[in-house]
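Numbering (our numbering), first residue to last: 5 to 196.
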């Protein structure tokens, strides 16, 4: 009987580190990863989200994308509790394990999961950005963290697809380009 409980406990512990959330996927328009990421998180929390309207609201022509501060301000205006912070792998595990997706900023040239050699030649530039951009905003790309499986990050990448897998080493290297910028936004009163 003790062995059976031990197996169940191990299965439960393994499940805690392999959680993924069913975050709705929203494809981005050009330079619209911020609006798409916000729309995914809103829809996850059962809130209305019009990606085109969000893009018009959040897009900064100067930045050629959405500024991190605009994402935070938008969620706060919607009475979400927000925390933006320099996250770590354990933070991703903790929050997705508690049912809370996160938005993170990655380098726009972040590596894709290693494709078969034949497919590598056909791949478009990572994350759909055009080469040669030099502004800080254009150099970063917002994705939604939908889960962690051992040493794999499960991303809803608005330029690619739902539950894109990226190994931990590649993910963390790309994440460091933004100073590990992470945004947690959950529904609730954001002050008096």
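Beta carbons: idealized from backbone N, C-alpha and C, even for Gly.
In the three-state reduction of the DSSP assignment, residue 167 falls in the coil class. In the three-state scheme derived from DSSP, where H, G and I count as helix and E and B as strand, residue 154 is classed as coil. In the three-state reduction of the DSSP assignment, residue 179 falls in the helix class. Counting only the Cα atoms, residue 155 lies some 6 Å from residue 171.
If you check the CB distance, residue 166 and residue 29 come in under 9 Å.
Residue pairing for residue 144: DSSP places it in a beta bridge opposite 111. Between residue 48 and residue 184, the alpha-carbon positions lie close to 23 Å from each other. Apart from sequence neighbours up to five positions away, the residues of its chain that approach residue 182 with a beta-carbon distance below 8 Å are 108, 109, 110, 111 and 144, ordered along the chain.
When 85, 43 and 24 are compared, the shortest CA-CA separation from residue 162 is found for 43. The distance from the Cβ of residue 75 to that of residue 152 is about 22 Å, inconsistent with a contact at the 8 Å cut-off.
Uninterrupted alpha helix (DSSP H) stretches at least 4 residues long and entirely within the stretch 71 to 107 occur at 72 to 81 and 93 to 101, given in chain order. Counting along the chain, no alpha helix (DSSP H) covers residue 23, and no H or E run does either.
If you draw a 10 Å sphere on the C-beta of residue 89, you find fewer than 16 other C-beta atoms in it, and that means exposed.
Under the DSSP assignment, residue 65 falls outside any beta strand (DSSP E); it carries neither an H nor an E label. Residue 147 sits buried, since 16 or more C-beta atoms from the chains shown fall within 10 Å of its C-beta. Rounded to whole angstroms, residue 59 and residue 94 show a C-alpha spacing of 31 Å. Excluding its 5 nearest sequence neighbours in each direction, residue 106 has C-beta neighbours in its own chain below 6 Å: 99, 149, 186 and 188, listed in chain order. The shortest C-alpha to C-alpha distance from residue 34 to any of 50, 70 and 26 is the one to 70. Nearest C-alpha to residue 50 among 82, 56 and 24: 82.
For residue 190, the enclosing beta strand (DSSP E) begins and ends at 185 to 191.
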